[in-house]
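Worksheet: the structure to be examined is printed underneath.
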Amino acid sequence: MAIFVHPHLWIFTFGILGNFVSFFVFLAPVPTFYKIYRNKSTEKFQSIPYLVALFSSMLWLYYAFLKGNSFLLITINSFGCVIEMVYIAIYIAYAPIATKKSTIKLFALMNMGLFPLLILITHFIPNDDARTTVFGWICTTISVSVFAAPLSIVARVVRTNSVEFMPFSLSFFLTLSAITWFGYGFFQKDWCIMIPNIVGFVLGLSQMVLYGYYRNKEDIKDETLPQRAAVEVVVSGNDPGSDQPS
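The opening position of the sequence shown corresponds to residue 1 in the UniProt record's numbering, with each subsequent residue numbered one higher.
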């Protein structure tokens, strides 16, 4: 059977699908930043989701380099780093002075402080495979914690009966992304990719169910809901095989 004879073909297929879906998920905040640019104001939008998304992409990009033979992980996370930096630059350009300063501080703390610190700490692990494994589980832990962010939106939907800030299309693509990257990890037999995407699938599916239940209910207009940003979780496994077909 092909599923056993050509495992790398399945890895490559799910990796391509994951890149395709994740590309659109990364572009989901474009309307938000067009609104910021048009109004020359960040209004009540927050920068933390985009800072976390950049941090996550940088972690997985480095992990892909550590692991090797992970071209498809490098491509999507490279794109993620670039697009998130564009979002953050736009945010900083139009944010109030106090918010601008706090955003720059968080950016420096996460991406110029914590990121190189993690690299430095794991660098002292003498065995290459052990170093890759440890860094992979660090990335997995952070990725799982990232999925806690949409829970506040879910709570708001239940409390306000409004799905204004939980669009179905984004929930759908996040769920589809979790499925594709889970498949990528499944055929690599690696829990580092499967665990965060299992969580992502469950939350994405739950959000779609909530959307179907609350979409016909009356929206509450007197409360401003926070924006929902797409934070991609694109992870790699520890299998030494390539993500390209053989």
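Where is the CB? At the ideal position from N, CA and C, for every residue including glycine.
Does DSSP classify THR32 as helix, strand or coil? Along the sequence shown, read from residue 1 onward, the residue named residue 32 stands at position 32. Note: THR32 maps to helix in three-state DSSP.
Pairwise C-alpha distance: PHE45 and TYR214: Translated into the one-based positions of the sequence shown, residue 214 becomes position 214. Translated into the one-based positions of the sequence shown, residue 45 becomes position 45. Taking the straight line from one Cα to the other gives about 23 angstroms.
Could you check the C-alpha separation between THR122 and ASN216 for me, to the nearest Å? Residue 122 sits at position 122 when you count from the first residue of the sequence shown. Residue 216 sits at position 216 when you count from the first residue of the sequence shown. The alpha-carbon separation between THR122 and ASN216 amounts to approximately 51 angstroms.
Rounded straight-line distance, which links the Cα of ILE125 to that of PHE26: Counting from 1 along the sequence shown, the entry for residue 26 is found at position 26. Counting from 1 along the sequence shown, the entry for residue 125 is found at position 125. Approximately 33 angstroms between the Cα atoms of the pair.
Just checking my contact of TYR184 with ILE193 at CB under 8 angstroms: how many whole Å lie between their CB atoms? Here residue 184 refers to the residue found at position 184 when the sequence shown is read from its first residue. Here residue 193 refers to the residue found at position 193 when the sequence shown is read from its first residue. Confirmed, about 6 angstroms.
Measure the C-alpha to C-alpha separation of TYR117 and VAL52 and round it to an integer number of angstroms. Counting from one through the sequence shown, the residue named residue 117 turns up at place 117. Counting from one through the sequence shown, the residue named residue 52 turns up at place 52. It should be noted that the sequence gives Leu, not Tyr, for residue 117. Looking at the two C-alpha atoms, the distance is approximately 16 angstroms.
Do the segment 137 to 151 and the segment 47 to 67 touch if we need at least three Cβ pairs shorter than 8 angstroms? yes
Can you tell me whether LYS40 is buried or exposed, with buried defined as 16 or more other CB within 10 angstroms of its CB? The sequence position of residue 40 within the sequence shown is 40, counting from 1. Exposed is the call here.
Quick check: what's the CA-CA separation for LEU73 versus TRP60? Within the sequence shown, numbered from 1, the residue matching residue 73 stands at position 73. Within the sequence shown, numbered from 1, the residue matching residue 60 stands at position 60. Near 8 angstroms, if we compare the C-alpha coordinates of TRP60 and LEU73.
Three-state secondary structure assigned by DSSP to ASP129: Stepping through the sequence shown from its first residue, residue 129 is reached at position 129. Looking at ASP129 - three-state DSSP - the assignment turns out to be helix.
Since LYS205 contacts THR175 with CB under 8 angstroms, what's their CB separation in whole angstroms? Your numbering for residue 205 matches position 205 in the sequence shown. Your numbering for residue 175 matches position 175 in the sequence shown. First, the residue type needs correcting, since residue 205 is Leu and not Lys in the sequence shown. Confirmed, about 6 angstroms.
On the three-pair Cβ rule with 8 angstroms, is the segment 62 to 72 touching the segment 96 to 110? no
Distance CB(GLN188)-CB(ILE16) smaller than 8 angstroms: Counting from one through the sequence shown, the residue named residue 188 turns up at place 188. Counting from one through the sequence shown, the residue named residue 16 turns up at place 16. No, these two residues do not count as a Cβ contact at 8 angstroms.
Kindly list the residues whose CB is nearer than 6 angstroms to the CB of ILE88, restricted to its own chain and excluding five residues on each side of it in sequence; keep chain order. Walking along the sequence shown from the start, residue 88 turns up at place 88. TYR50, listed in sequence order.
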